[in-house]
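S.K.:
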Amino acid sequence: MKISSRVVILLQALLLVCCWQPCMLAAEADLRMKANELARKYLIIDTHQDVPYRLKKKMEDISKRTEGGNFDYPRAREGGLDAVFMAVYIPAEYEEKGGAFAFANEGIDMVEGFARDWPDKFVMTWSVADVKGQFGADRISLAVGMENGAPLEGNLANVKHFYDRGIRYITLAHSKSNHICDSSFDEVRKWNGLSPFGREVVAEMNRLGMIVDVSHVCDKTFYQIMELSKAPAVATHSSCRHFTPEWERNMDDEMIKLLAEKGGVIQITFGSMFVNGQVNKVSANRKKHIDEYAEANKLTGDEKEKYTREFLKENPIGDADVADVAAHIDHAVKLVGIDHVGLGSDFDGVGDHLPNGLKDVSCYPNLIGELLKKGYSERDIGKICSENFLRVWSEAERIACKLRSGK
Ligand SMILES: [Zn+2]
Numbered sequence: 398m399k400i401s402s403r404v405v406i407l408l409q410a411l412l413l414v415c416c417w418q419p420c421m422l423a424a425e426a427d428l429r430m431k432a433n434e435l436a437r438k439y440l441i442i443d444t445h446q447d448v449p450y451r452l453k454k455k456m457e458d459i460s461k462r463t464e465g466g467n468f469d470y471p472r473a474r475e476g477g478l479d480a481v482f483m484a485v486y487i488p489a490e491y492e493e494k495g496g497a498f499a500f501a502n503e504g505i506d507m508v509e510g511f512a513r514d515w516p517d518k519f520v521m522t523w524s525v526a527d528v529k530g531q532f533g534a535d536r537i538s539l540a541v542g543m544e545n546g547a548p549l550e551g552n553l554a555n556v557k558h559f560y561d562r563g564i565r566y567i568t569l570a571h572s573k574s575n576h577i578c579d580s581s582f583d584e585v586r587k588w589n590g591l592s593p594f595g596r597e598v599v600a601e602m603n604r605l606g607m608i609v610d611v612s613h614v615c616d617k618t619f620y621q622i623m624e625l626s627k628a629p630a631v632a633t634h635s636s637c638r639h640f641t642p643e644w645e646r647n648m649d650d651e652m653i654k655l656l657a658e659k660g661g662v663i664q665i666t667f668g669s670m671f672v673n674g675q676v677n678k679v680s681a682n683r684k685k686h687i688d689e690y691a692e693a694n695k696l697t698g699d700e701k702e703k704y705t706r707e708f709l710k711e712n713p714i715g716d717a718d719v720a721d722v723a724a725h726i727d728h729a730v731k732l733v734g735i736d737h738v739g740l741g742s743d744f745d746g747v748g749d750h751l752p753n754g755l756k757d758v759s760c761y762p763n764l765i766g767e768l769l770k771k772g773y774s775e776r777d778i779g780k781i782c783s784e785n786f787l788r789v790w791s792e793a794e795r796i797a798c799k800l801r802s803g804k
């Protein structure tokens, strides 16, 4: 009797394991299917990808599947990406050595070239109406943002020049403080926030309907922008400092709250060092070594980049996971609600240092899957994928009209 009851228990356990595994697999397959369906149903806009700078270093045909990089047309379609802000990134040293204005114009030319060379795959976009109007077709909408305000070169008229060339946001600084404001990556805080010219730039951007991007700037710059800007601002590619304590490049809870209070949105960025505290620490140590080595050996620009690539290949910083990115989205949503969070991957801007499950533009459904697991509704996912950011962009357009009409 005793033996037979043990046998029964054993058989029951076996049955449970045998049923449980296929059930789990079926649930996982259902989730993947749902995530893929939502990636197609909802407009996905990614507010920061460094494709122009990647192609400047090594030209590739992004209308076809490419060996390297995180973006190309076939993978973007697989991932359900509909619109992307191509970042025209200007390395910080151009502030000193000159040539930033020309460098930025060349970057814009390159993005326009994508739409001209592959008109069945890419189309330029300059407004919320363009993005919405082009949604559902096979072409990917390309908007342009400027990463680093150095190309303004102290001339306020250049804000209008770049607006006319299609730039719809400016990340005021990059890794060094510049003539507009102080950067989070630079220990030198020349202006204690915005420079007097930087204050004029913010006003002019508001007047034209260009979004002020608060990613990369230092905390003081951020708070001054919050005070000054008449339109809501966006962090086009930042994550939550809560997970990477004391790292100024990510936003702390108080900043996210204030950004949201003013109607803005934080576009969560994917880079492993942005979303995983451990990876962030290792990365900081690696950076310290690279900076010291570069200084001792007088390496700058391309040489420093080459050394960085080789050193990190030998000494990898480790990978985060797609679940880490979902945790950042969830943290921001818990802080400020569902209306102030979106996606700004930084694909092609952080090399291979991307989370497992989120290595390129084909992977948005994996992130949507993580949000579904956390209980996010379809409605919520639509807001995160684009509606929140498009609301802020519309608001920038509306306020610009109002300011220009003098009402
Ligand atoms: Zn950046």
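Residue 398 is where the sequence shown starts when you use this note's numbering, and the numbers rise one by one after that. Yeah, the Cβ is synthetic: ideal placement off N, Cα and C, and Gly gets one too. Quantities reported herein were computed from a predicted structural model and do not represent experimental measurements.
1. Let me check one thing: in DSSP terms, what residues is S580 bridge-paired to?
2. Run through DSSP, which three-state label would H445 get?
3. Looking only at its chain, what residues have a beta carbon closer than 8 Å to the beta carbon of I714, apart from the 5 residues adjacent to it on each side?
4. Between the Cα of Q621 and those of H571, Y704, V598, H725, spot the shortest distance and give me the residue it belongs to.
5. G476 and Y773 look like a contact to me (Cβ under 8 Å); what is the Cβ gap, rounded to whole Å?
6. For S524 and Q531, which I take to be in contact (beta-carbon distance under 8 Å), what is that distance rounded to the nearest angstrom?
7. Within the same chain, show all residues whose beta-carbon is closer than 6 Å to that of G563, passing over the 5 residues directly before and after it, in chain order.
8. Could you spell out the range, first to last residue, of the beta strand (DSSP E) harbouring A489?
9. If the criterion is Cβ atoms closer than 8 Å, does the pair S783 and L440 meet it?
10. Does the distance between the C-beta of H750 and the nearest non-hydrogen atom of ligand 1 fall short of 7 Å?
11. Touch check for the segment 601-608 and the segment 551-570: three-plus C-beta pairs under 8 Å?
12. Excluding five sequence neighbours on each side, which residues of the same chain lie with their C-beta closer than 8 Å to the C-beta of I487?
13. Given the structure, does E702 come close to ligand 1, in the sense that its CB is under 7 Å from one of the ligand's heavy atoms?
14. Tell me which residues share the same chain as M398 and place their Cβ nearer than 7 Å to its Cβ, disregarding the 5 neighbours each side in the sequence.
15. Beta-carbon separation of L732 and D650 under 8 Å?
16. With DSSP as the reference, please indicate the residues paired to G816 in a beta bridge.
17. I'd like to confirm something about S612: is its beta-carbon nearer than 7 Å to some heavy atom of ligand 1, or not?
18. Should A693 be labelled buried (16 or more other beta-carbon atoms within 10 Å of its own) or exposed?
19. How would you write the range of the alpha helix (DSSP H) that L605 sits in, first residue to last?
20. Would you kindly work out how many angstroms separate the C-alpha atoms of N647 and I663, rounded to a whole number?
21. Given a threshold of 16 other Cβ atoms within 10 Å of its Cβ, counted over all protein chains shown, does M652 qualify as buried or as exposed?
22. Is there at least one non-hydrogen atom of ligand 1 closer than 7 Å to the beta-carbon of E544?
23. Only counting the same chain, and skipping five residues up and downstream in sequence, which positions put a Cβ closer than 7 Å to that of V758?
24. Give the DSSP-derived three-state secondary structure of T666 in the structure shown.
25. Out of N673, I781, A489, point me to the one whose CA is closest to L435's CA.
26. Out of curiosity, what's the CA-to-CA distance linking R795 and R788?
27. Sorted by chain position, which residues of the same chain lie with C-beta nearer than 7 Å to S581's C-beta, five sequence neighbours on each side aside?
28. Nearer than 7 Å: is that true of the beta carbon of G746 relative to any heavy atom of ligand 2?
29. Tell me whether H737 is buried or exposed, calling it buried when 16 or more other Cβ atoms sit within 10 Å of its Cβ.
30. Ligand 1 heavy atoms versus the CB of P743: any closer than 7 Å?
31. Which residue's Cα is closest to the Cα of C637: A723, A691, K659?
32. Using three-state DSSP, classify F786 as helix, strand or coil.
33. Going by other Cβ atoms of all chains shown within 10 Å of its Cβ, with 16 needed for buried, is H686 buried or exposed?
34. Just grab the DSSP bridge partners of G739 for me.
35. Considering only DSSP beta bridges, list what N753 is partnered with.
36. Answer yes or no: the CB of H634 versus the heavy atoms of ligand 1, is any distance below 7 Å?
M.R.: Concretely, from the data shown:
1. Taking the sequence shown and counting its residues from 1, one reaches residue 580 at position 183. The partner list for S580 (beta bridge, DSSP) reads V614.
2. Here the question's residue 445 lines up with position 48 in the sequence shown. In the structure shown, H445 adopts extended strand secondary structure according to DSSP, grouped into three states.
3. The residue given as residue 714 occupies position 317 in the sequence shown. Only S669, M670, V676, V679, S680, R683, H750 meet the Cβ criterion.
4. Walking along the sequence shown from the start, residue 621 turns up at place 224. Residue V598 is the option with its Cα nearest to Q621.
5. Taking the first residue of the sequence shown as position 1, residue 476 is located at position 79. Taking the first residue of the sequence shown as position 1, residue 773 is located at position 376. Not quite, the Cβ-Cβ distance comes to about 18 Å (not below 8 Å), so this is no contact.
6. Taking the first residue of the sequence shown as position 1, residue 524 is located at position 127. Taking the first residue of the sequence shown as position 1, residue 531 is located at position 134. About 11 Å separates the two Cβ atoms, so there is no contact after all.
7. Walking along the sequence shown from the start, residue 563 turns up at place 166. In the same chain as G563, and ignoring 5 residues on each side of it, the C-beta atoms closer than 6 Å to its own belong to W523, V541, in chain order.
8. Here the question's residue 489 lines up with position 92 in the sequence shown. Counting along the chain, A489 falls outside any beta strand (DSSP E), and DSSP gives it neither H nor E.
9. For the purposes of this step, residue 783 is taken as the residue at position 386 of the sequence shown. For the purposes of this step, residue 440 is taken as the residue at position 43 of the sequence shown. Less than 8 Å separates the beta-carbon of S783 from that of L440.
10. Within the sequence shown, numbered from 1, the residue matching residue 750 stands at position 353. H750 Cβ: outside cutoff for every heavy atom of ligand 1.
11. Contact between the segment 601-608 and the segment 551-570 is present, because at least three Cβ pairs lie under 8 Å.
12. For the purposes of this step, residue 487 is identified with residue 90 of the sequence shown, where counting begins at 1. Closer than 8 Å at the Cβ level, and outside the excluded window around I487, lie A497, F500, A501, G504, M543, E544, N545, A547, P548, H571.
13. In the sequence shown, the residue the question calls residue 702 occupies position 305. No, the Cβ of E702 stays beyond 7 Å of every heavy atom of ligand 1.
14. Taking the sequence shown and counting its residues from 1, one reaches residue 398 at position 1. For M398, the pLDDT reaches just 49, beneath the cut-off of 50, and the residue's location in the model is therefore unreliable, leaving the point undetermined.
15. The residue given as residue 732 occupies position 335 in the sequence shown. The residue given as residue 650 occupies position 253 in the sequence shown. Yes, the Cβ-Cβ distance between L732 and D650 is below 8 Å.
16. The chain is shown from 398 up to 804; residue 816 falls before or after that span and cannot be answered.
17. Locating residue 612 in the sequence shown gives position 215, where the first residue counts as 1. Yes.
18. For the purposes of this step, residue 693 is taken as residue 296 along the sequence shown, with counting starting at 1. It is exposed - the Cβ of A693 has fewer than 16 other Cβ atoms within 10 Å.
19. Position 208 of the sequence shown, counted from the first residue, corresponds to residue 605. L605 -> alpha helix (DSSP H) spans 593-605.
20. Taking the first residue of the sequence shown as 1, we reach residue 647 at position 250. Taking the first residue of the sequence shown as 1, we reach residue 663 at position 266. If I take the Cα positions, the gap works out to 10 Å.
21. The count along the sequence shown starts at 1 and reaches residue 652 at position 255. Using a 10 angstroms sphere on the CB of M652, the tally of other CB atoms reaches 16 or more, which defines it as buried.
22. Mapped onto the sequence shown, residue 544 falls at position 147. Yes, the Cβ of E544 comes within 7 Å of a heavy atom of ligand 1.
23. Locating residue 758 in the sequence shown gives position 361, where the first residue counts as 1. Annotation for V758: N467, F468, R472, A473, G476, L478, F744 place their beta carbon closer than 7 Å to its own, counting only its chain and skipping 5 residues before and after.
24. Residue numbering aside, residue 666 sits at position 269 when the sequence shown is read from its first letter. Of the three classes helix, strand and coil, the one that applies to T666 here is coil, per DSSP.
25. As a first step, residue 435 must be located in the sequence shown, where it is residue number 38. Nearest option by C-alpha distance: I781.
26. Here residue 795 refers to the residue found at position 398 of the sequence shown. Here residue 788 refers to the residue found at position 391 of the sequence shown. R795 and R788: Cα-Cα distance of roughly 10 Å.
27. Locating residue 581 in the sequence shown gives position 184, where the first residue counts as 1. These residues qualify, in order along the chain: H613, V614, C615, E645, R646.
28. In the structure on display, ligand 2 does not appear, and the ligands it does have are ligand 1.
29. Here residue 737 is taken as the residue at index 340 of the sequence shown, counted from 1. Counting the other CB atoms within 10 Å of its CB gives H737 a total of 16 or more, which places it among the buried residues.
30. For the purposes of this step, residue 743 is taken as residue 346 along the sequence shown, with counting starting at 1. The question names Pro, but residue 743 in the sequence shown is Asp. Within the chosen limit of 7 Å, ligand 1 reaches the beta carbon of D743 through at least one heavy atom.
31. On the sequence shown, residue 637 is found 240 positions in, with the first residue counted as 1. From the listed residues A723, A691, K659, the smallest Cα separation to C637 is found for A723.
32. Translated into the one-based positions of the sequence shown, residue 786 becomes position 389. DSSP places F786 in helix when its eight states are reduced to three.
33. Numbered from its first residue, the sequence shown carries residue 686 at position 289. That one is exposed.
34. For the purposes of this step, residue 739 is taken as the residue at position 342 of the sequence shown. Residue pairing from DSSP places G739 in a beta bridge opposite Q664.
35. Here residue 753 refers to the residue found at position 356 when the sequence shown is read from its first residue. DSSP, once it has assigned bridges, lists D718 as partnering N753.
36. The residue given as residue 634 occupies position 237 in the sequence shown. H634 has its Cβ nearer than 7 Å to a heavy atom of ligand 1.
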